[in-house]
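All residue numbers for the sequence shown refer to my numbering, where the first residue is 5 and numbers rise by one. Glycine included, C-beta positions come from ideal geometry on N, C-alpha and C. Quick caveat: nothing in here was measured; it's all calculated off a predicted structure. Here is the structure we will look at.
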Amino acid sequence: MQKWQIRIGLSIGVIVIAMIAFVYFIGNNVPTDDPQPAYITAQATNRVKFPKLRGTNLSFEQVVIPDDLGDNVKLIVISYDDAQQPTVNDWLPPLEALNEKYPMLAGYYVPLLPKDSADAAAFIIGGFAALASENERARTVIVFTNVDIFNELVGIENKDEIQLFFLNTDDTIVWHTSGSYTAEKLAELEAQLSMILTEQE
């Protein structure tokens, strides 16, 4: 075997080992904490704060939701598996248009995945990063957690549909809907957003 063939073989071996080490490192270092419940703000309104979730953005940085998402009103879109991506995509254009009208609205996409899929985190996060636009990349946080606990905390019965949560400035859930985009749902969201902004004036 020629020396150059040996060098190429060694180089490929080093690259493969480095890739395996990277995948292992990411899989063992992405957060997989259970959702942390928040208190009920007022018995009269029966509203709850959005649970704390620890996730990873598409730059492989850890993010605490909603704490690290700023002090403005927020819209969080939750999906449970990749089959729901077309539904998420249908929501994005009208939500982006709403965001242009109300730039103080901070919107985030949070794929909520079971803990046992964290071993493949490098591939999952990398796949999202490869497909996301620059705007989507900045607003996407992947969370590996106990999905059933999250659903119980926010009163969701199943994982069949995407969920949208609108939070006020203290991260209380003031509006929620699920499933496919409709103009009526968007109008409800805009009405809630307008009302909160009016109260802040």
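Worksheet entry | DSSP beta-bridge partners of Ser182 | The residue given as residue 182 occupies position 178 in the sequence shown. Under DSSP, the beta-bridge partners assigned to Ser182 are Gln167.
Point to revise | Rounded separation between Phe2 and Asp86 - CA only | key: Outside the shown range of the chain (5 to 205) lies residue 2, about which nothing can therefore be said.
* Tell me whether Ala25 sits in a helix, a strand or coil according to DSSP, three-state version. => By 1-based counting over the sequence shown, the position of residue 25 is 21. Here Ala25 scores only 46 on pLDDT, less than 50, and its place in the model is too uncertain to base an answer on.
Measure how close the beta-carbons of Thr149 and Ala136 come, nearest whole angstrom, since I'm counting them as under 8 Å.
Reading the sequence shown from its first residue, position 145 is the one you call residue 149. Reading the sequence shown from its first residue, position 132 is the one you call residue 136. With 8 Å as the limit, Thr149 and Ala136 do not qualify as a contact, their Cβ atoms being about 21 Å apart.
Between the beta-carbon of Thr91 and the beta-carbon of Ile177, is there less than 8 Å? Residue 91 sits at position 87 when you count from the first residue of the sequence shown. Residue 177 sits at position 173 when you count from the first residue of the sequence shown. Result no, Cβ atoms of Thr91 and Ile177 do not sit closer than 8 Å.
Q.
Am I right that Leu168 and Pro39 are in contact with their C-beta atoms under 8 Å? What's the rounded C-beta distance?
A. Within the sequence shown, numbered from 1, the residue matching residue 168 stands at position 164. Within the sequence shown, numbered from 1, the residue matching residue 39 stands at position 35. 17 Å between Cβ atoms; not a contact.
Self-check item: Residue burial classification, Trp8 (beta-carbon count within 10 angstroms, cutoff 16)
Solution: Taking the first residue of the sequence shown as position 1, residue 8 is located at position 4. Bear in mind that the predicted position of Trp8 carries a pLDDT of just 49, short of 50, making it unreliable; the figure below should be weighed with that in mind. Around the beta-carbon of Trp8, fewer than 16 other beta-carbon atoms lie within 10 Å, marking it exposed.
Between Gln66 and the rest of its own chain, which residues show a CB-CB distance below 7 Å, the 5 nearest in sequence each way excluded?
For this step, residue 66 is matched to residue 62 along the sequence shown. Within the same chain, Gln66 has close Cβ partners Pro35, Arg58 and Thr60.
query = By a C-beta neighbour count over all protein chains shown, 10 Å radius and 16 as the cutoff for buried, is Gly159 buried or exposed?
reply = Position 155 of the sequence shown, counted from the start, is the residue given in the question as residue 159. Around the C-beta of Gly159, fewer than 16 other C-beta atoms lie within 10 Å, and the residue is accordingly described as exposed.
message = So, at 7 Å on beta carbons, what are the nonlocal neighbours of Ala48 in its own chain, with the 5 sequence-adjacent residues on each side left out?
response = Within the sequence shown, residue 48 is the residue found at index 44, counting from 1. At Ala48 the pLDDT is 42, less than 50, meaning the model places this residue with poor confidence; the figure from the coordinates comes in the next sentence. Same-chain partners within the cutoff: there are none.
Can you name, in chain order, every residue of its own chain whose Cβ lies under 7 Å from the Cβ of Gln196, other than the five neighbours on each side? For the purposes of this step, residue 196 is taken as residue 192 along the sequence shown, with counting starting at 1. If we look at Gln196 and ignore the five residues flanking it on each side, its Cβ neighbours are Phe170, Val178 and Trp179.
### Message
Quick check: the Cα distance between Asn93 and Asn103, rounded to an integer number of angstroms?
### Response
As a first step, residue 93 is located in the sequence shown; it is residue number 89 there, counting from the start. As a first step, residue 103 is located in the sequence shown; it is residue number 99 there, counting from the start. So the two alpha carbons sit approximately 15 Å from each other.
*asked:* Between Ile69, Leu62 and Met199, which has its C-alpha nearest Gly130's C-alpha?
replied: On the sequence shown, position 126 is the one that residue 130 refers to. Closest option to Gly130, judged by alpha-carbon separation, among Ile69, Leu62 and Met199: Leu62.
request  = Return helix, strand or coil for Ile160, following the three-state DSSP convention.
outcome  = Taking the sequence shown and counting its residues from 1, one reaches residue 160 at position 156. In the structure shown, the three-state DSSP call for Ile160 is coil.
For Ser184, which residues in the same chain have their Cβ closer than 7 Å to its Cβ, ignoring the five residues on either side in sequence? Mapped onto the sequence shown, residue 184 falls at position 180. Listed in chain order, the non-local C-beta contacts of Ser184 below 7 Å within the same chain comprise Thr91 and Asp94, local neighbours out to five positions each way being set aside.
Give me the residue from Ser182, Glu203, Ala122 and Val81 with the minimum Cα distance to Leu96. Position 92 of the sequence shown holds residue 96. If you compare the alpha carbons of Ser182, Glu203, Ala122 and Val81 with that of Leu96, the shortest gap goes to Val81.
Report the CB separation of Leu116 from Val147 in whole angstroms; it is logged as a contact under 8 Å. As a first step, residue 116 is located in the sequence shown; it is residue number 112 there, counting from the start. As a first step, residue 147 is located in the sequence shown; it is residue number 143 there, counting from the start. Right, their Cβ atoms sit about 5 Å apart.
Q: Could you name the residues that DSSP lists as bridge partners for Lys189?
A: For the purposes of this step, residue 189 is taken as residue 185 along the sequence shown, with counting starting at 1. Note: Lys189 sits in no beta bridge, so no partner.
Exercise. Can you give the Cα-Cα distance for Met108 and Pro41, rounded to whole angstroms?
Worked result: Here the question's residue 108 lines up with position 104 in the sequence shown. Here the question's residue 41 lines up with position 37 in the sequence shown. The C-alpha of Met108 lies about 26 Å from the C-alpha of Pro41.
Margin query: Buried or exposed, going by whether 16 or more other CB atoms sit within 10 Å of the CB of Ile24?
Written below: Taking the sequence shown and counting its residues from 1, the one referred to as residue 24 is at position 20. For Ile24, the pLDDT reaches just 46, beneath the cut-off of 50, and the residue's location in the model is therefore unreliable, leaving the point undetermined.
Practice prompt. List the endpoints of the continuous beta strand (DSSP E) containing Lys78.
Written response: By one-based count along the sequence shown, residue 78 stands at place 74. Lys78 to Ser83 is the extent of the beta strand (DSSP E) around Lys78.
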